[in-house]
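K.L.:
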Amino acid sequence: MAAISSRAAQAATFRLVMWGFTLMTVFPFGLLLLTSLKSKQDLFRGAFVLPDRPHFENYVSAWVDGHFGVYFWNSVIVVIPVVGIGVLLGLLTGFAFAFLSFPFKKTLFVMLTLGMMVPGEAYIIPLYYEMRWLGLLNTYAALILPQIAMSVPFATLFMASAMQQLPRDILEAARIDGAPRGMILRKVILPLMGPAISSLGLFLFIWTWNEFLIPLVLVNDDALRTMPLGMLFFQGRYTVNIPVLTAGAVIVIFPIIIVYLIFQRKFIEGLTAGASK
Amino acid sequence: MKSSVLDGPVRKNLVFVLPGLLIYAAFVFVPILSAVGLSFTSWNGVSRPEWVGLGNYAELFGDARFFTSLKNNAMLMAFYCLIPLIVGMALAAMVSSIRSREQLAIRTLLFMPYIMPSAVIGIVWQWLYNPAFGPINQGLKAIGLGALALPWLGDFTWALPAVGMVAVWYYFGFCMVIFLTGMQRIDPSIFEAARVDGAKPGYVFRRITFPLLLPEIRIVLLLTIIASIKSFDLIFTMTRGGPANATLVPNIYMYQLGFQLSRYGYAAAVAIIGALLIFAVNYVIHRTIRPRDGA
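Here it is in C-alpha cells:
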C-alpha cells in the first residue's frame, strides 16, 4: 500500500514539475498575445490585467503604420524561391552524390560539409562586398541568392541520404527499360520522395523565415526588410508603443506556429532524427 | 563507392551537380575563402587591402576586448549547453512516466521556442525584462519582491545571466525532446531486469540510462555548444553587446569591427577564430564521446 501511494505521489509531483516547466515555456507567448490586444491605457493598469475589450486595431496599426504588411510580403517573396529552388537543387545535387560519379566527388563533399559548419557570420563581410560588386545590395536577389546557396549543403546531404534508402530494384528496373535519368528522377524517384521533400521544405521554410543576419547586412531599404528585421527597426521607432510591438511579434510568429502545429510530428521526428545521425 | 545503375558519362553527370555547386561556390564557398584571405590583410573597405600576414591574429592576442568576448562566450556556454542539458534530461526522465496524450502535448509545447526566430525572441524578452514597465519586474513587485526588480539587461553583473536565461528557455525543451526520443529507443526490458534485481533509481540512471543516451548527449552538446559560439541574433537584439561589453561575444565584436569601425581585415580574423572554434568543438566531441557500438 505504502509503496503504491508513494509511487502515486511521485507521479503527481512529476506531472506538477512538467506542467510548471511547460507553463514557463508558453507564458511569454501568452503574455504576448494578451498584450497585443490591450490599449495603452490597459497597459498602465498592469502587465497581467485583462483589457476591457480586445483591441484588434493594434494589428491594423502594426500591419499598416508599422509596415508589417510590407515585411510580411517580403518574407513571403523571399521564402518561396529559397524553399522551391533549394529543394530542387537538393534533388539534383543529392541525386548526383547518391548515384553518379564525377571528378573530385570526395573533395566536393568535404567542401559542402565545410559550408554547413561555418556560420554565416564568418563570411558575411566578403559576401557583403561581393553583393556590392554585383550591384545587388538592396535587392530581393541579395536576400534570395545567398540563402539558396546556404541551403545547398544541407539539402544535398538530406536528399542524398533519403535517395540511398530507396529500393534498388525499382531504380534498376527503370534503367533497364531504357528511360533517361532525368525522367527516372522525375517519374520514379520524385514520387517516392514525398516525405523527404516535405521535411526539407519545412526546415528551409523555418530557417529562411527566421533568418536575421543576411537581411540585416545586405539590405537597408525598409521596403525590402523581412519580418525579423522589420521587427527590430519597428522597435527602434516606437519603443513605447508596446501593444503594437507585441501585435507585430504575433504577426511574425503566427505563421510559424500554424505550420508547426500542423506538421509538429514531422518537425520533431525530422529534427531529432537528423540530429542523431 | 560502388557505381550505380544510374551512373553515366561524367559529362552528362555534371548537369546534375553543377547548378547546386556553382551557386554554393559563388555565395558561400568563395566568400569563406575570401574571409580567410581578408583576415591576413588590413582593409578599411575603401583603399586597397594591405597584406599584414598574421598581424591581425597577433593583435588579437593582446586585445582585451577580444578576451572579454571569449570569456563571455564561455560563460554563455553554461546557459546554452549545461543547464538545458541537465534540465532537459531530468524532464525527459520524468515525462516518460506520464500518459502518452499528455506527454505529446507537453512535448509539442516545450519544443516550440526552438523553431522561433531568435531575433524576435530577443526583442520580446527585451520587453519582458524592461526595468520600467516589463512584466518580469511588475510580477516581482506584485509578489513583494520589488527589491529584486533589477534593470536586468542594463546591469553590468546581471546582463549576461539575463541573456543566458533566455537561451536556457530556448533550448531546454529541445534537449528534452531529443533525450525523450533516446529513452524511447532503449529496450524497456533492460529497466525491468534492473528493477527485478533491486537496483536503485540513481544506480539505474548512472549505469544504464546515461551510457545508453550517449549518442543523444553527444548531439545535444554539439548543437548547443556550436549555437553558443554562433550566438548573434539574440544578443544583437537584446543588448548589442552592452552594457560596457558585459554581453560582448566574438560575433558581435566582429560586427562592430567590420560594419561600424571599418576594420574589415581584423573583423575577418575574429570571424575565422569563431569558425576554428566550431571545428575544434566538433573534433573534440566526436573524439571524446564515443557511444558503444550499436548506437
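First to last, the sequence lines map onto chains P and B. Mapping to our numbering: the first sequence position 187 is 222, numbers consecutive. Mapping to our numbering: the second sequence position 162 is 281, numbers consecutive. C-beta atoms are modelled at their ideal positions from N, C-alpha and C, and glycine is treated no differently. Quantities reported herein were computed from a predicted structural model and do not represent experimental measurements.
For methionine 151 (chain P) and phenylalanine 189 (chain P), which I take to be in contact (beta-carbon distance under 8 Å), what is that distance rounded to the nearest angstrom?
P.N.:
Rounded, the Cβ-Cβ distance is 6 Å, consistent with contact.
K.L.:
Compare the C-beta of threonine 191 (chain P) with all C-beta atoms of chain B and state if any pair is closer than 9 Å.
P.N.:
Output row for threonine 191 (chain P): interface = yes.
K.L.:
Round the Cβ separation of threonine 366 (chain B) and leucine 279 (chain B) to the nearest angstrom and send it over; I've been treating them as touching at under 8 Å.
P.N.:
At roughly 5 Å, the Cβ-Cβ gap stays under 8 Å, so threonine 366 (chain B) and leucine 279 (chain B) are in contact.
K.L.:
Nearest chain P C-beta to threonine 227 (chain B) closer than 9 Å, yes or no?
P.N.:
For threonine 227 (chain B), the answer is yes, since a Cβ of chain P falls inside 9 Å of its Cβ.
K.L.:
Which term fits valine 118 (chain P), buried or exposed, when burial requires 16 or more other beta carbons within 10 angstroms of its beta carbon?
P.N.:
So valine 118 (chain P) ends up on the buried side.
K.L.:
Show which residues of chain B have a CB atom less than 8 Å away from the CB atom of tyrosine 158 (chain P).
P.N.:
Those are Val147, Pro150, Ile151, Ser153, Ala154, Ala390, listed as they occur along chain B.
K.L.:
Please find out if some non-hydrogen atom of the ligand MN comes closer than 8 Å to the beta-carbon of phenylalanine 49 (chain P).
P.N.:
No copy of the ligand MN appears in this structure; indeed no ligand is present at all.
K.L.:
Please check if any C-beta of chain P sits within less than 9 Å of the C-beta of threonine 300 (chain B).
P.N.:
At least one chain P Cβ lies under 9 Å of threonine 300 (chain B).
K.L.:
Check threonine 160 (chain B) in the structure and name its three-state DSSP category.
P.N.:
Note: threonine 160 (chain B) maps to strand in three-state DSSP.
K.L.:
Residues in the segment 246 to 257 of chain B with C-beta within 8 Å of chain P's C-beta atoms, listed in sequence order?
P.N.:
Listed by position along the chain: Trp246, Leu247, Phe252, Gly253, Pro254, Gln257.
K.L.:
Would you verify that the beta carbon of asparagine 370 (chain B) is, or is not, closer than 9 Å to some beta carbon of chain P?
P.N.:
Interface residue, yes.
K.L.:
Please report how far the alpha carbon of phenylalanine 137 (chain P) lies from the alpha carbon of alanine 145 (chain B), in whole angstroms.
P.N.:
Taking the straight line joining both Cα atoms gives about 20 Å.
K.L.:
Please confirm whether proline 63 (chain P) has its beta-carbon closer than 9 Å to some beta-carbon of chain B.
P.N.:
Output row for proline 63 (chain P): interface = yes.
K.L.:
Three-state secondary structure (DSSP) at tryptophan 277 (chain B)?
P.N.:
If DSSP states are grouped into helix, strand and coil, tryptophan 277 (chain B) belongs with coil.
K.L.:
Is the segment 76 to 85 of chain P in contact with the segment 251 to 262 of chain P, if contact means three or more CB pairs nearer than 8 Å?
P.N.:
Taking 8 Å as the limit for Cβ pairs, the verdict is that the segment 251 to 262 of chain P does not touch the segment 76 to 85 of chain P.
K.L.:
Which residues mark the beginning and the end of the alpha helix (DSSP H) in which tryptophan 246 (chain B) is found?
P.N.:
Tryptophan 246 (chain B) -> alpha helix (DSSP H) spans 237 to 247.
K.L.:
Would you say lysine 319 (chain B) reaches chain P, if we count a Cβ-Cβ gap shorter than 9 Å as a contact?
P.N.:
Not closer than 9 Å to any Cβ of chain P, the Cβ of lysine 319 (chain B) fails to qualify, so no.
K.L.:
Mind the definition here: the segment 53 to 69 of chain P touches the segment 282 to 295 of chain B only if three or more C-beta pairs lie below 8 Å; say whether that holds.
P.N.:
Contact between the segment 53 to 69 of chain P and the segment 282 to 295 of chain B is present, because at least three Cβ pairs lie under 8 Å.
K.L.:
In angstroms with no decimal places, state the Cα-to-Cα distance between glycine 413 (chain B) and phenylalanine 298 (chain B).
P.N.:
At glycine 413 (chain B) the pLDDT is 44, less than 50, meaning the model places this residue with poor confidence; the figure from the coordinates comes in the next sentence. Going from the Cα of glycine 413 (chain B) to the Cα of phenylalanine 298 (chain B) covers about 17 Å.
K.L.:
Would you mind working out which of P:Arg167, P:Glu304, P:Gly265, P:Ser186 sits nearest alanine 342 (chain P), comparing C-alpha positions?
P.N.:
Outside the displayed span of chain P (36 to 312) sits residue 342 (chain P), for which this structure offers no information.
K.L.:
Check the Cβ of valine 252 (chain P) against every Cβ in chain B and list those closer than 8 Å, keeping chain order.
P.N.:
Simply Phe378.
K.L.:
Going by C-alpha to C-alpha distance, which of B:Ala212, B:Leu173, B:Tyr199, B:Ile240 sits closest to valine 323 (chain B)?
P.N.:
Nearest option by C-alpha distance: B:Ala212.
K.L.:
The alpha helix (DSSP H) that contains isoleucine 112 (chain P), what's its start and end?
P.N.:
Run containing isoleucine 112 (chain P): 103 to 134, per the alpha helix (DSSP H) assignment.
K.L.:
Going along the chain, which residues of its own chain have a beta-carbon closer than 7 Å to the beta-carbon of asparagine 191 (chain B), five neighbours each way excluded?
P.N.:
Contacts found: Leu279, Thr366, Leu367, Val368.
K.L.:
Under 9 Å between C-beta atoms, does lysine 190 (chain B) make it to chain P?
P.N.:
No, lysine 190 (chain B) does not count as interfacial toward chain P.
K.L.:
I'd like to know if aspartate 306 (chain B) contacts chain P, where contact means its C-beta is closer than 9 Å to some C-beta of that chain.
P.N.:
Answer no: the Cβ-Cβ gap between aspartate 306 (chain B) and chain P never drops below 9 Å.
K.L.:
Measuring straight from C-alpha to C-alpha, what distance separates proline 278 (chain P) and arginine 325 (chain B)?
P.N.:
In a straight line, the C-alpha of proline 278 (chain P) is about 49 Å away from that of arginine 325 (chain B).
K.L.:
Closer than 8 Å by beta-carbon distance: list the chain P residues that pair up with methionine 235 (chain B), in chain order.
P.N.:
Per Cβ cutoff of 8 Å: Asn245, Ile288, Ile291.
K.L.:
With DSSP as the reference, label glutamate 156 (chain P) as helix, strand or coil.
P.N.:
Note: glutamate 156 (chain P) maps to helix in three-state DSSP.
K.L.:
So with CB distances below 9 Å, who are the chain C contacts of phenylalanine 310 (chain B)?
P.N.:
No chain C appears in this structure, whose protein chains are P and B.
K.L.:
Can you tell me which residues form a DSSP beta bridge with glutamate 169 (chain B)?
P.N.:
B:Ser161, per the DSSP bridge assignment.
K.L.:
Tell me the DSSP secondary structure of histidine 90 (chain P) in three-state form.
P.N.:
Looking at histidine 90 (chain P) - three-state DSSP - the assignment turns out to be coil, as it is neither helix nor strand.
K.L.:
May I have the straight-line CA-CA distance separating phenylalanine 289 (chain P) from tryptophan 170 (chain B), to the nearest angstrom?
P.N.:
Their Cα atoms are separated by approximately 49 Å.
K.L.:
List, in order along the chain, the chain B residues whose C-beta lies closer than 8 Å to that of glutamine 76 (chain P)?
P.N.:
Those do not exist, as glutamine 76 (chain P) stays about 13 Å from chain B at its closest Cβ, beyond 8 Å.
K.L.:
Taking 9 Å as the cut-off, decide whether the C-beta atoms of leucine 380 (chain B) and valine 389 (chain B) are in contact.
P.N.:
No, the pair does not count as a contact, with Cβ atoms beyond the cut-off.
K.L.:
Does the Cβ of glycine 51 (chain P) have 16 or more other Cβ atoms within 10 Å, making it buried, or fewer, making it exposed?
P.N.:
Note that residue 51 (chain P) is leucine in the sequence shown, not glycine. Per the 10 Å Cβ criterion, exposed.
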